[in-house]
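Enquirer:
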Amino acid sequence: MTTTKSSVTVLDPIGLHARPAGQIVKLVKESGLEVRMGKAGQGLVKANSPLRMMAMKAKTGEELLIEVDSDDEAAANDLIAQVQEFLKG
Amino acid sequence: MLSSGTILSGMGVGLSAVTAEVFRVKPAGAIPEAAKHAGDNAAETIRLKQAIEAVAAQMNELAAAADETTVEIFEALNMLLEDEDLFDTAVIQIEAGWDAGTSFIRAVEEFAELLSGDAVFEERLADIRDLAKRVAANIAGISLGLDLPKTGKFVIVGEDFSPADTAQFTDAVIGVVTIQGGPTSHTAIICRSKSIPAVVSCTGAADLVDGMQVLVDPVGDRVVVEGKEADITKPLTFVAKSKDPIIPVRANIGSLEDAIAASASAAEGVGLFRTELLYLSAKTQPTSAVQAASYEEILRAAPAGPIVVRTIDAGSDKPVPFLNMGHEENPALGVRGYRLIEDHRDFIIDQLESLELARQASGREVWVMAPMIATASEALEFAELARSAGNFKVGIMVETPSIVYQIPALQGKLDFISVGTNDLSQYLFAADRMNPALGAMLNPWQPGLIGALKQISDACAAAGIYSGVCGESASDPAFAVLLAGMGFDSVSSSRSQVGAVRQALSAVSKEQAKEVLTAALTGSNAEEAKSNALGVLSAISEN
Numbered sequence: 000m001t002t003t004k005s006s007v008t009v010l011d012p013i014g015l016h017a018r019p020a021g022q023i024v025k026l027v028k029e030s031g032l033e034v035r036m037g038k039a040g041q042g043l044v045k046a047n048s049p050l051r052m053m054a055m056k057a058k059t060g061e062e063l064l065i066e067v068d069s070d071d072e073a074a075a076n077d078l079i080a081q082v083q084e085f086l087k088g
Numbered sequence: 000m001l002s003s004g005t006i007l008s009g010m011g012v013g014l015s016a017v018t019a020e021v022f023r024v025k026p027a028g029a030i031p032e033a034a035k036h037a038g039d040n041a042a043e044t045i046r047l048k049q050a051i052e053a054v055a056a057q058m059n060e061l062a063a064a065a066d067e068t069t070v071e072i073f074e075a076l077n078m079l080l081e082d083e084d085l086f087d088t089a090v091i092q093i094e095a096g097w098d099a100g101t102s103f104i105r106a107v108e109e110f111a112e113l114l115s116g117d118a119v120f121e122e123r124l125a126d127i128r129d130l131a132k133r134v135a136a137n138i139a140g141i142s143l144g145l146d147l148p149k150t151g152k153f154v155i156v157g158e159d160f161s162p163a164d165t166a167q168f169t170d171a172v173i174g175v176v177t178i179q180g181g182p183t184s185h186t187a188i189i190c191r192s193k194s195i196p197a198v199v200s201c202t203g204a205a206d207l208v209d210g211m212q213v214l215v216d217p218v219g220d221r222v223v224v225e226g227k228e229a230d231i232t233k234p235l236t237f238v239a240k241s242k243d244p245i246i247p248v249r250a251n252i253g254s255l256e257d258a259i260a261a262s263a264s265a266a267e268g269v270g271l272f273r274t275e276l277l278y279l280s281a282k283t284q285p286t287s288a289v290q291a292a293s294y295e296e297i298l299r300a301a302p303a304g305p306i307v308v309r310t311i312d313a314g315s316d317k318p319v320p321f322l323n324m325g326h327e328e329n330p331a332l333g334v335r336g337y338r339l340i341e342d343h344r345d346f347i348i349d350q351l352e353s354l355e356l357a358r359q360a361s362g363r364e365v366w367v368m369a370p371m372i373a374t375a376s377e378a379l380e381f382a383e384l385a386r387s388a389g390n391f392k393v394g395i396m397v398e399t400p401s402i403v404y405q406i407p408a409l410q411g412k413l414d415f416i417s418v419g420t421n422d423l424s425q426y427l428f429a430a431d432r433m434n435p436a437l438g439a440m441l442n443p444w445q446p447g448l449i450g451a452l453k454q455i456s457d458a459c460a461a462a463g464i465y466s467g468v469c470g471e472s473a474s475d476p477a478f479a480v481l482l483a484g485m486g487f488d489s490v491s492s493s494r495s496q497v498g499a500v501r502q503a504l505s506a507v508s509k510e511q512a513k514e515v516l517t518a519a520l521t522g523s524n525a526e527e528a529k530s531n532a533l534g535v536l537s538a539i540s541e542n
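Sequences listed follow chains L and U, in order.
Residue numbers for the first sequence follow numbering that gives the first Met the number 0, so the first one is 0 and each next one is one higher.
Residue numbers for the second sequence follow numbering that gives the first Met the number 0, so the first one is 0 and each next one is one higher.
1) Taking only beta carbons into account, state which residues of the segment 85-110 of chain U come closer than 7 Å to chain L, listed in chain order.
2) Give a yes or no on whether the minimum CB-CB distance between K4 (chain L) and chain U is below 8 Å.
3) Taking the continuous beta strand (DSSP E) assigned at Q212 (chain U), which residues delimit it?
4) What does A197 (chain U) pair with, by DSSP beta-bridge criteria?
5) In the DSSP assignment, what are the bridge partners of G394 (chain U)?
6) Using DSSP's beta-bridge definition, name the partner residues of T18 (chain U).
7) Quick one: what's D68 (chain L) bridged to in DSSP?
8) Once the 5 residues before and after A33 (chain U) are set aside, which same chain residues still bring their CB inside 6 Å of it?
9) Determine whether the beta carbon atoms of G270 (chain U) and V307 (chain U) lie at a separation below 8 Å.
10) Give me whichever residues DSSP pairs with T8 (chain L) in a beta bridge.
11) Give me the chain L residues within the contact set of A75 (chain U), using Cβ-Cβ distance strictly less than 7 Å, ordered along the chain.
12) With a 10 Å radius around its C-beta and 16 neighbouring C-beta atoms as the bar for buried, classify I45 (chain U) as buried or exposed.
13) Considering just the uninterrupted stretch of the alpha helix (DSSP H) at G447 (chain U), what are its terminal residues?
14) According to a CB-to-CB cut-off of less than 8 Å, which residues of the segment 299-321 of chain U neighbour chain L?
15) Using a beta-carbon distance below 8 Å, is E83 (chain U) in contact with chain L?
16) Is L279 (chain U) close to chain L? Criterion is C-beta to C-beta, closer than 8 Å.
17) Can you pull the DSSP bridge partners for S556 (chain U)?
18) Closest to G362 (chain U) by C-alpha separation, out of U:A303, U:R128 and U:K412, would be which residue?
19) Leaving out five residues before and five after E352 (chain U) in sequence, what residues of the same chain have Cβ atoms less than 8 Å from its Cβ?
20) Once you ignore the five residues that flank A50 (chain U) on each side, which residues in its own chain have a CB closer than 7 Å to its CB?
21) Check whether the segment 16-23 of chain U touches the segment 205-225 of chain U, counting contact only when three or more Cβ pairs, one atom from each stretch, lie closer than 8 Å.
22) Please list, in chain order, all residues of the same chain as P49 (chain L) whose beta carbon is under 7 Å from its beta carbon, the five residues on each side excluded.
23) Excluding the 5 residues flanking E94 (chain U) on each side, which residues of the same chain have their C-beta closer than 8 Å to its C-beta?
24) Taking the straight line between their C-alpha atoms, what separation do you get for M78 (chain U) and E71 (chain U)?
25) Look at the Cβ atom of S472 (chain U), then the Cβ atom of S493 (chain U), and state whether they are nearer than 8 Å.
26) If you check the beta carbons only, do A528 (chain U) and W444 (chain U) fall under 8 Å apart?
27) Using a beta-carbon distance cut-off of less than 7 Å, what residues from the segment 27-56 of chain L approach chain U?
28) Could you run through the segment 61-76 of chain L and flag, in chain order, every residue whose CB is less than 9 Å away from some CB of chain U?
29) Evaluate contact between the segment 460-471 of chain U and the segment 484-491 of chain U, counting only Cβ atoms and requiring at least three cross-stretch pairs below 8 Å.
30) In terms of residue numbering, what span does the alpha helix (DSSP H) encompassing V480 (chain U) cover?
31) Under 7 Å between beta-carbons, which chain U residues line up against V82 (chain L)? List them in chain order, please.
32) Specify, as a first and last residue, the run of the beta strand (DSSP E) that Y404 (chain U) falls within.
33) When DSSP labels each residue in this structure, what does S466 (chain U) get in the three-state scheme?
34) Kindly confirm or deny that the segment 61-73 of chain L and the segment 24-42 of chain L touch, where touching means at least three C-beta pairs closer than 8 Å.
35) If you run the structure through DSSP and keep just helix, strand and coil, what is G40 (chain L)?
36) Looking at the unbroken beta strand (DSSP E) that takes in V308 (chain U), where does it start and where does it end?
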């Protein structure tokens, strides 16, 4: 299994709140892939729990690391692009 | 027993009033005390899973009959309710011996602790706790239904209403009063979207009982026991008596889009150009050429008149990625605004120099000011930086209490000051702007704030410094009249309010504005100050 690593930026004016957290978790569950996200230096959490994502308290302008386990690199990059879309608010 | 005519103050939601009979929402049946289970972990886990599914199904059922706003809220809530990590955390509690209901509440509290201290999440926390209560109630076989009447017309009164509560509002609910909750509470949002007159944060409503007749008067921020048609507070209407307002009304902008919209309004220039937006999404510091180009575009688009630009107002709660701001316990009291000068002097100079390039290219009149100035030496240092960077009028924001006492020391050194009333209130009252429980202290009609504003305006007049106000309060037409009465030279409003503020300032003379101020100064609390001022204003507009 290959892991695709990248970063996304929270652009939503109120940060990573309930709605984007829910959208990301829904997308991750539908994809069936294991996805981890987190702030640099704080350890990553599995992106399957909206509460856990909200608990990162990511603010507007902050960068988050994202890792996707998948041998299909194109699918992983699509998923990351979609996550970035959700973070635009 | 409340006597007829008793006034209960709160915060109004909506513009129309309504009279009807009180219906007190019964306090829900008590959730059983925390308890241990008999020892069968697997059975408790299944019980919890079933209860969560049942509550999720109830929510879906309520959502099916609800409006679009409610449906969206319910979808988000159900995602939280069915959160896998939350369930796993609850299972750990079951394994520790707690019964299913207690375990779920304990798991929610564990997450609540992680999420607390952040204003964006505080109100969601109340919603999640409500869900935990519903799950526990389902397990204990207790009904949490509101049992609202389906026919007739009622003003319903309760502590506060959760999304699951408001979804049960029937057509018989024509007015709402809550004892708790602020202007951004769920109850307020739903009442606004459904156009139900409401008064929230109305402490005195605890004494209302079933069968009383009440007037819900949102414009007057009050509930009147047995209130009549004549008691309804009408929104003030201003009739312009002159073409120009008694002091200029400028617009607040933050982007090119704002600048274009503002130039379509009657604004005379820009009183506050927030520059943070240009930097919030940049990962590296934009070059001087890039900054100058975006400033030029905005300066050219801005409404005719001077343009007051505020240098970057970032802090650890609104971080700019390339400035690397660390975590702070108290970001509102931390390294923010002009205090960035310690670590980022080059960036602030670069911002001023880019602005000078844009000023020359656009040919516009540009004033610059620094935010979060607390001492006269900071003000003087900024004035020197700004004057050596370009041909600007130079000023500062007045938003810390300490600088108020230093205005005389700035005589001859600064061209202008601009008061940010939101932050000034926060620091004057030591009341966090983001904390919904402290909303009443941040009411601009607080006599303490009015007194401070008067002192600032007087000190500026004595020192020969031009003074303006660009905070939220200057977007309230009646408050803008008060500011003109104090002697401020201009106000700057959010662009949607420019027209209404101009109208108000064109409906009075300077002398009349002073009378409004005198009336407000006799109020011993915010409600009195406001109603005294509005009383004089309505007498003026009727003549």
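For every residue, glycine included, the Cβ atom is placed at its ideal position computed from N, Cα and C.
Expert: Reading from the atomic positions:
1) L85 and F110
2) no
3) Q212 to D216
4) U:V12 and U:V175
5) U:M368 and U:F415
6) U:L214
7) L:T2 and L:E33
8) T101
9) yes
10) L:E62
11) A17, R18 and G21
12) exposed
13) P446 to A462
14) D316, K317, P318, V319 and P320
15) yes
16) yes
17) Outside the shown range of chain U (0 to 542) lies residue 556 (chain U), about which nothing can therefore be said.
18) U:A303
19) S287, A388 and G389
20) A99, V134, N137 and I138
21) yes
22) A17, A20, G21 and V24
23) N40
24) 11 Å
25) no
26) yes
27) N47, S48, P49, L50, R51, M53, A54 and K56
28) E61 and E62
29) yes
30) P476 to M485
31) Simply none; closest approach about 16 Å.
32) Careful: Y404 (chain U) lies outside any beta strand (DSSP E) and carries neither H nor E.
33) strand
34) yes
35) coil
36) I306 to R309
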